[in-house]
Amino acid sequence: MIGDGKLEIRIFRSEDMTIVLQLANMYAAFDGTTSEADLVVSRFFPNGFWIAEDSGRVVGVAFGYFKDVPGEVLTRWGASKVGEITLVVVDANHRNKGIGTALLHRVLEELKKAGADRVILHCPAEAIEAKRLYDKLGFNTRAYHMTKRL
Ligand SMILES: CC(C)(COP(=O)(O)OP(=O)(O)OC[C@H]1O[C@@H](n2cnc3c(N)ncnc32)[C@H](O)[C@@H]1OP(=O)(O)O)[C@@H](O)C(=O)NCCC(=O)NCCS
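Mapped onto my numbering, the consecutive letters of the sequence shown carry residue numbers 4 to 153.
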């Protein structure tokens, strides 16, 4: 059981959008603001958009979709269809109860059911908890995204 038992992992509904954007921008903003337009692709794969609700309140969200990957890269990866996790966030007061893990498992399961045989994601270096979670779920680090002031 996750948390105190009043927790539900369910599919996203349109009325969740405001709180989803609040969570994304409060806790998972990297270089830019997440807007409704960034999540519009979810309409094409609604099964990739999951919500954690605790006693009627949205406390977490995860979203995954399909990534357009050139054939050459697919061959190199030995993959045929690639999913991408683009959003994972849990309200700070509800962390370390397994919610992030449950949300990610759900999205990964749906991507796999829909044909994905590889999944990718980008993780800011400062998102230590997220990185630990991804490592635990079996993601491998393949790149460092670097910057330098000139
Ligand atoms: C990353 C994030 C989504 C994880 O959410 P979470 O709900 O805390 O994740 P979980 O509870 O599943 O796992 C976190 C830890 O809790 C532990 N845990 C899981 N279930 C537990 C339980 N029932 N009791 C105690 N601990 C538990 C996990 O083992 C894990 O511990 P570890 O990091 O020491 O291995 C959350 O930290 C977050 O929103 N961060 C800010 C946004 C962000 O960085 N997003 C990703 C950008 S790429």
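Positions of the beta carbon are idealized from the N, C-alpha and C atoms, including for glycine.
K70: CB within 8 Å of a non-hydrogen atom of ligand 1: no
Proximity test, V122 beta-carbon vs ligand 1 heavy atom, cut-off 8 Å: no
Min CB distance A133 to chain E below 9 Å: The structure shown has no chain E; it contains just one protein chain.
Integer Cβ distance of A119 from G86, believed to fall under 8 Å: 4 Å
Ligand 1 heavy atom lying under 8 Å from the CB of V91: yes
Distance, I5 Cα to T37 Cα: 28 Å
Burial state of D34 (16 or more Cβ within 10 Å): exposed
Chain-order list of residues whose beta-carbon lies under 8 Å from that of I14 (same chain, five-residue window excluded): P49, N50, F52, W53 and I54
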